[in-house]
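2 protein chains.
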Amino acid sequence: MGIFSKTCEYAIRSVFFIAHRTAGQSGRVGIKEIALGIDSPEPFLAKILQDLSRRGIVQSTKGPNGGFYLDSASLERPLSDIVAAVDGNDIFYGCGLGLKQCSEINPCPLHNEFKDIRNKIHLMLHETKIGEFNAELMNGMLSLKK
Amino acid sequence: MGIFSKTCEYAIRSVFFIAHRTAGQSGRVGIKEIALGIDSPEPFLAKILQDLSRRGIVQSTKGPNGGFYLDSASLERPLSDIVAAVDGNDIFYGCGLGLKQCSEINPCPLHNEFKDIRNKIHLMLHETKIGEFNAELMNGMLSLKK
DNA sequence: ATAATAAAAGACTAAAATGTCTTTTATTAT
DNA sequence: ATAATAAAAGACATTTTAGTCTTTTATTAT
Ligand code: SF4
Ligand code: SF4
Numbered sequence: 460m461g462i463f464s465k466t467c468e469y470a471i472r473s474v475f476f477i478a479h480r481t482a483g484q485s486g487r488v489g490i491k492e493i494a495l496g497i498d499s500p501e502p503f504l505a506k507i508l509q510d511l512s513r514r515g516i517v518q519s520t521k522g523p524n525g526g527f528y529l530d531s532a533s534l535e536r537p538l539s540d541i542v543a544a545v546d547g548n549d550i551f552y553g554c555g556l557g558l559k560q561c562s563e564i565n566p567c568p569l570h571n572e573f574k575d576i577r578n579k580i581h582l583m584l585h586e587t588k589i590g591e592f593n594a595e596l597m598n599g600m601l602s603l604k605k
Numbered sequence: 460m461g462i463f464s465k466t467c468e469y470a471i472r473s474v475f476f477i478a479h480r481t482a483g484q485s486g487r488v489g490i491k492e493i494a495l496g497i498d499s500p501e502p503f504l505a506k507i508l509q510d511l512s513r514r515g516i517v518q519s520t521k522g523p524n525g526g527f528y529l530d531s532a533s534l535e536r537p538l539s540d541i542v543a544a545v546d547g548n549d550i551f552y553g554c555g556l557g558l559k560q561c562s563e564i565n566p567c568p569l570h571n572e573f574k575d576i577r578n579k580i581h582l583m584l585h586e587t588k589i590g591e592f593n594a595e596l597m598n599g600m601l602s603l604k605k
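Residue numbers (my numbering), protein chains in the order written: chain A, 460 to 605; chain B, 460 to 605.
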């Protein structure tokens, strides 16, 4: 497994996808199209998006012309909100070697280097906004497909 | 979960433990003592060490006064050898968003930042030698216990 | 109002990670 | 040689993660 769980990878990619497909115009995009757009198993992604919807990270409406979209507030959220919602905060504060009490007083051998990496991840996810890549995704410079 | 699997966390901590307990003197240390020393479930750790032993990352002998130890070559190995043996190479080369073809030509939105983090992890694990912390572990400045 | 549409909800299955227990094999001290 | 010791091997059990399928609820166009 990578840094994130599979669930979280799908979550991030789908939210990027929804963002770039619905920014500006008030359109919605359906689960089938999203699943296709990010190469993910559709029913599994549905579960994930239901959860993100309940948590207010994505917006959705049922019925004809319904689907998922992002309001302007959601577009401004940092990526870390998705990660925290799906995988929790372990990646920001957790311990690389599985110790409970990470501290400067009682550090594990990799303490300093790990802190550095953790901070880098923290920074990346907090400074990156969900809507940030819309233009590049639109013109095909970035990819969300396997 | 953290950066590594639980199996890998135990692996790293146990190898550190064996290293500092057997460096210099030609002693061995038994599974019970190791499990105690790193707060891990003994039978599970036994599995892990059997695997590391088969792969030549730790050494062992059976019978009275038997146990695990590290020869001088093993002490010089980089941490990355343990991680690669247990968790594979995904953490060094894998994709943060689960895409198959990470490339400069077809990058995902987090390409550059991820590359940076991945390189930092790579560096940390390749430059850190297994026997590197023996002195600090000996005098209690570093901890391997939950 | 009704039918069509699309997400929400919930029950279910499959696979992988984590953890336990029992038996076997190798080593060594006697 | 024998008995004691300690790891190796392998069969299980449990939990978590990943993935599927069916039914229900909300929305909208007619
Ligand atoms: S730096 Fe070391 S002690 Fe601190 S959380 Fe990471 S592994 Fe634990
Ligand atoms: S940087 Fe982006 S494209 Fe490259 S491996 Fe990471 S997630 Fe994939």
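Virtual Cβ for every residue (Gly too), placed ideally from N, Cα, C.
Contact between the region 523 to 532 of chain A and the region 576 to 584 of chain A is defined here as three or more beta-carbon pairs at a separation below 8 Å; is this criterion met?
no
Report the rounded CA-to-CA distance for D498(A) versus E492(A), giving the unit in angstroms.
For the purposes of this step, residue 498(A) is taken as residue 39 along the first sequence, with counting starting at 1. For the purposes of this step, residue 492(A) is taken as residue 33 along the first sequence, with counting starting at 1. Their backbone Cα atoms lie some 10 Å apart in a straight line.
Would K579(A) and D510(B) qualify as a contact pair, given that the criterion is a beta-carbon distance under 8 Å?
Along the first sequence, read from residue 1 onward, the residue named residue 579(A) stands at position 120. Along the second sequence, read from residue 1 onward, the residue named residue 510(B) stands at position 51. No, they are not a contact pair.
With a threshold of 8 Å between beta-carbons, can L471(A) be considered close to chain B, or not?
Residue mapping note: residue 471(A) aligns to position 12 of the first sequence, counting from 1. One detail in the question is off: residue 471(A) reads as Ile in this sequence, not Leu. Output row for I471(A): interface = yes.
Which residues of chain A have a Cβ atom closer than 8 Å to the Cβ of N565(B), listed in chain order?
For the purposes of this step, residue 565(B) is identified with residue 106 of the second sequence, where counting begins at 1. The contacting residues are S602.
Please compile the residues from chain B whose C-beta is within a distance smaller than 7 Å of the C-beta of L556(A).
Indexing the first sequence from 1 puts residue 556(A) at position 97. Correct list: E468, I471 and R472.
For L556(B), which residues of its own chain have a beta-carbon under 7 Å away from its beta-carbon, when the five flanking residues on both sides are left out?
The residue labelled residue 556(B) in the question sits at position 97 within the second sequence. Only C567 and L569 meet the Cβ criterion.
In chain B, which residues lie less than 7 Å from G461(A) when you measure between Cβ atoms?
Along the first sequence, one-based indexing puts residue 461(A) at 2. By Cβ distance, chain B contributes D549, G553, C554, G555 and G557.
Is the separation between the beta-carbon of V474(A) and that of R480(A) shorter than 8 Å?
Here residue 474(A) is taken as the residue at index 15 of the first sequence, counted from 1. Here residue 480(A) is taken as the residue at index 21 of the first sequence, counted from 1. Cβ atoms of V474(A) and R480(A): not closer than 8 Å.
Whole angstroms is fine: what's the gap from E468(B)'s alpha carbon to S602(B)'s?
For this step, residue 468(B) is matched to residue 9 along the second sequence. For this step, residue 602(B) is matched to residue 143 along the second sequence. Those two C-alpha atoms are separated by around 13 Å.
Would you mind telling me which residues of chain B sit closer than 7 Å to I580(A), beta carbon to beta carbon, in chain order?
If you number the first sequence from 1, residue 580(A) lands on position 121. Near I580(A) (Cβ distances below 7 Å), the residues of chain B are I576.
Comparing C-alpha positions only, which one of K465(A), I589(A), K604(A) and F463(A) sits nearest to S537(A)?
In the first sequence, residue 537(A) corresponds to position 78, counting from 1. The identity of residue 537(A) in the sequence shown is Pro, whereas the question assumes Ser. Of K465(A), I589(A), K604(A) and F463(A), the residue nearest in Cα terms is I589(A).
Taking only beta-carbon atoms, is P537(B) less than 8 Å away from chain A?
Locating residue 537(B) in the second sequence gives position 78, where the first residue counts as 1. Closer than 8 Å: no.
Selected residue, minimal CA-CA separation from I550(A), among S533(A), K605(A) and F573(A)
Stepping through the first sequence from its first residue, residue 550(A) is reached at position 91. Ranking S533(A), K605(A) and F573(A) by Cα distance to I550(A) puts F573(A) first.
Just to check my reading of the structure: L534(A) and A478(A) have Cβ atoms closer than 8 Å, yes? What is that Cβ distance to the nearest angstrom?
Numbered from 1 along the first sequence, position 75 holds the residue referred to as residue 534(A). Numbered from 1 along the first sequence, position 19 holds the residue referred to as residue 478(A). Rounded, the Cβ-Cβ distance is 6 Å, consistent with contact.
Is it buried or exposed, R513(B), if we count other Cβ atoms within 10 angstroms and call 16 or more buried?
Against the second sequence, residue 513(B) aligns to sequence position 54. The residue in question, R513(B), is exposed, as its Cβ has fewer than 16 Cβ neighbours within 10 Å.
Which residue spans inside the region 536 to 563 of chain B form an unbroken alpha helix (DSSP H) run of at least 4?
538 to 546 and 549 to 552
Assuming D546(A) and F476(A) make a contact with CB atoms under 8 Å, what is their CB distance in whole Å?
Residue numbering aside, residue 546(A) sits at position 87 when the first sequence is read from its first letter. Residue numbering aside, residue 476(A) sits at position 17 when the first sequence is read from its first letter. Wrong, their Cβ atoms sit about 19 Å apart, outside the cutoff.
Output the distance between the C-alpha atoms of P500(A) and Q484(A), rounded to the nearest integer angstrom.
As a first step, residue 500(A) is located in the first sequence; it is residue number 41 there, counting from the start. As a first step, residue 484(A) is located in the first sequence; it is residue number 25 there, counting from the start. Rounded to the nearest angstrom, the two C-alpha atoms are 27 Å apart.
Burial state of N571(B), where buried means 16 or more other Cβ atoms lie within 10 Å
Residue numbering aside, residue 571(B) sits at position 112 when the second sequence is read from its first letter. The residue in question, N571(B), is exposed, as its Cβ has fewer than 16 Cβ neighbours within 10 Å.
Cβ-heavy atom distance, H612(B) to ligand 1, below 7 Å:
Residue numbering for chain B in the displayed model covers 460 to 605; residue 612(B) lies beyond these limits and cannot be assessed.
Applying a beta-carbon distance threshold of less than 7 Å, which residues of chain A neighbour K588(B)?
Here residue 588(B) refers to the residue found at position 129 of the second sequence. Going along chain A, no residue has its Cβ under 7 Å from K588(B), so there is no contact; the nearest lies around 11 Å.
Closer than 8 Å, CB to CB, is F592(A) near chain B or not?
Within the first sequence, the letter at position 133 stands for residue 592(A). Yes, F592(A) lies at the interface with chain B (some Cβ there is under 8 Å from its Cβ).
Quick one: is A594(B) buried, meaning 16 or more other Cβ sit within 10 Å of its Cβ, or exposed?
Counted from its first residue, the second sequence places residue 594(B) at position 135. By the neighbour-count rule (16 or more Cβ atoms within 10 Å), A594(B) is not buried but exposed.
Chain A partners of E501(B), CB-CB under 8 Å?
Indexing the second sequence from 1 puts residue 501(B) at position 42. Per Cβ cutoff of 8 Å: no residues; E501(B) is ~16 Å from chain A at best.
Checking contacts by CB at 8 Å: is K506(A) closer than that to chain B?
As a first step, residue 506(A) is located in the first sequence; it is residue number 47 there, counting from the start. Chain B contact via Cβ: absent.
With a threshold of 7 Å (Cβ to nearest heavy atom), would K579(A) be considered close to ligand 1?
Residue mapping note: residue 579(A) aligns to position 120 of the first sequence, counting from 1. K579(A): no, Cβ never under 7 Å from ligand 1.
Identify which residue in M597(B), P502(B) and L529(B) has its Cα closest to the Cα of I516(B).
As a working note, residue 516(B) is residue 57 in the second sequence. Among M597(B), P502(B) and L529(B), the Cα nearest to that of I516(B) belongs to L529(B).
So, does the CB of L597(A) fall closer than 8 Å to a CB anywhere in chain B?
Here residue 597(A) refers to the residue found at position 138 of the first sequence. Reading off the sequence shown, one finds Met at residue 597(A), where the question assumed Leu. Judged by the 8 Å Cβ criterion, M597(A) is not in contact with chain B.
Just tell me which of F503(A), K605(A) and M597(A) has its CA closest to the CA of A482(A).
As a working mapping, residue 482(A) is identified with position 23 in the first sequence. Nearest option by C-alpha distance: M597(A).
How many angstroms separate the CA atom of C554(A) from the CA atom of K604(B)?
Position 95 of the first sequence holds residue 554(A). Position 145 of the second sequence holds residue 604(B). Distance between the alpha carbons of C554(A) and K604(B): 12 Å.
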